[in-house]
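Q: Protein chains in written order, with the working numbering: chain A, 1 to 188; chain B, 1001 to 1083.
No residue lacks a Cβ here, since even glycine has one placed at the ideal position from N, Cα and C.
Input: one structure, supplied below.
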């Protein structure tokens, strides 16, 4: 294909915009209610990462062309923040540390007492588990989005990533690199 | 009774879509059949009282895996026999 990949028809693009909001809401719900209902951080993060995949299919490579090269490193940074915070929370929840007392006995966040008897489930309970679910959801969202984006990018625009790594956060748009590689290399 | 009937229908759907995914020469049709199989499989998981697995299967099997395969088809060829 010689012409640039601009994605599918306008109908698909509009529906992708409309559908992304309920998908994100459902993913956040699944991740945030992980201690009450089926699901959890991983399932919610995978659902939110589906939005990235949907946009990549609907818009083609044109959505990546507008991205700065820094976007990749920020995705990776968010993923690392998520997994590091999860590990630190696991360590902090051990009963020998100071943070255990903070996480379990304060009334700060998600520490409401569980009501007695049959109840539909209170959101603000379960202590550190919802916080862990939030961070796992962040990590899985960013990791799977990065995997899908890299799958689309890699092979044709491998030089982009190397260049962005060498430039250390340069402000140059990736689109120039994309067009350069598309003209120089084989377009098919 | 209705429970068994629904399960038989779901299992028949899973087997037929898996067969289509295996035998089809058009790889795009094959991928769509596999997404349908994943969706039916998640419904079957839900019927078997495993909603957690059902959510993960629907999100990953029908969502992300399809996109990964479609991207791979986009990068290679759509037909199985093509060189």
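Since residue 144 of chain A meets chain B, which of its residues come closer than 7 Å, beta carbon to beta carbon?
A: In chain order: 1064.
Q: Return the bridge partner residues of residue 1026 of chain B from the DSSP annotation.
A: Residue 1026 of chain B is bridged to B:1079.
Q: What residue range does the alpha helix (DSSP H) around residue 139 of chain A cover?
A: Residue 139 of chain A -> alpha helix (DSSP H) spans 128-153.
Q: Taking Cβ to Cβ, would you say residue 47 of chain A is nearer than 7 Å to residue 34 of chain A?
A: Cβ distance not < 7 Å, so residue 47 of chain A and residue 34 of chain A don't count as in contact.
Q: With distances taken from CA atoms, which of A:39, A:60, A:44 and A:24 is nearest residue 151 of chain A?
A: Checked all of A:39, A:60, A:44 and A:24; the closest Cα to residue 151 of chain A is A:60.
Q: Nearest-angstrom Cα distance between residue 1034 of chain B and residue 1043 of chain B?
A: In a straight line, the C-alpha of residue 1034 of chain B is about 14 Å away from that of residue 1043 of chain B.
Q: Since residue 39 of chain A contacts residue 1015 of chain B with CB under 8 Å, what's their CB separation in whole angstroms?
A: The Cβ separation is near 28 Å, so there is no contact.
Q: Can you find a CB in chain A that lies within less than 7 Å of the CB of residue 1033 of chain B?
A: No, residue 1033 of chain B lies away from the interface with chain A (no Cβ there is under 7 Å from its Cβ).
Q: By the criterion of Cβ-Cβ separation under 8 Å, what are the contact partners of residue 120 of chain A in chain B?
A: In chain order: nothing, as chain B lies at least about 16 Å away.
Q: Which ranges does the alpha helix (DSSP H) cover as unbroken runs of at least 4 residues, wholly within the segment 1041-1076 of chain B, from first to last along the chain?
A: Counting whole runs of 4 or more residues, the segment 1041-1076 of chain B contains the alpha helix (DSSP H) stretches 1051-1056 and 1065-1075.
Q: Which class does residue 40 of chain A belong to by DSSP, given the choice of helix, strand or coil?
A: Looking at residue 40 of chain A - three-state DSSP - the assignment turns out to be coil, as it is neither helix nor strand.
Q: Tell me the rounded alpha-carbon separation between residue 71 of chain A and residue 1017 of chain B.
A: In a straight line, the C-alpha of residue 71 of chain A is about 39 Å away from that of residue 1017 of chain B.
Q: For the candidate residues A:11, A:86, A:142 and A:57, whose alpha-carbon lies nearest to that of residue 1074 of chain B?
A: The option with the nearest alpha carbon to residue 1074 of chain B is A:57.
Q: Helix, strand or coil: which one does DSSP assign to residue 54 of chain A?
A: Residue state, collapsed to three classes: helix.
Q: Under 7 Å between C-beta atoms, does residue 1 of chain A make it to chain B?
A: Low confidence applies to residue 1 of chain A: its pLDDT is 42, below 50, so where it sits in the model is not reliable enough to give any reading.
Q: Within its chain, find whatever has a CB closer than 7 Å to the CB of residue 1013 of chain B; leave out the 5 residues flanking it on each side and keep chain order.
A: Closer than 7 Å at the Cβ level, and outside the excluded window around residue 1013 of chain B, lie 1040.
Q: Return no unless some Cβ of chain B is closer than 7 Å to the Cβ of residue 39 of chain A.
A: True, the Cβ-Cβ gap to chain B drops below 7 Å.
Q: Evaluate contact between the segment 1047-1062 of chain B and the segment 1024-1032 of chain B, counting only Cβ atoms and requiring at least three cross-stretch pairs below 8 Å.
A: No: the two stretches stay apart, fewer than three of their Cβ pairs being nearer than 8 Å.
Q: Taking all protein chains shown into account, decide if residue 1001 of chain B is buried (16 or more other Cβ within 10 angstroms of its Cβ) or exposed.
A: Residue 1001 of chain B is exposed by the Cβ-count criterion.
Q: Determine the contact status of residue 1061 of chain B and residue 50 of chain A, defining contact as a CB-CB distance below 7 Å.
A: No, these two residues do not count as a Cβ contact at 7 Å.
Q: Give me, in chain order, the residues of the same chain whose beta-carbon lies closer than 6 Å to that of residue 45 of chain A; leave out the 5 immediate sequence neighbours on both sides.
A: So the qualifying residues of the chain are 137, 140 and 141.
Q: Using only the alpha-carbon positions, how far apart do residue 10 of chain A and residue 86 of chain A sit?
A: Rounded to whole angstroms, residue 10 of chain A to residue 86 of chain A spans 40 Å at the Cα level.
Q: So, for residue 24 of chain A: in the same chain, excluding its five sequence neighbours on each side, which residues have a beta-carbon less than 8 Å away from its beta-carbon?
A: Once the five neighbours on either side are set aside, the close Cβ partners of residue 24 of chain A are 48 and 51.
Q: Going by C-alpha to C-alpha distance, which of A:55, A:29, A:43 and A:32 sits closest to residue 15 of chain A?
A: Cα-wise, what sits closest to residue 15 of chain A is A:55.
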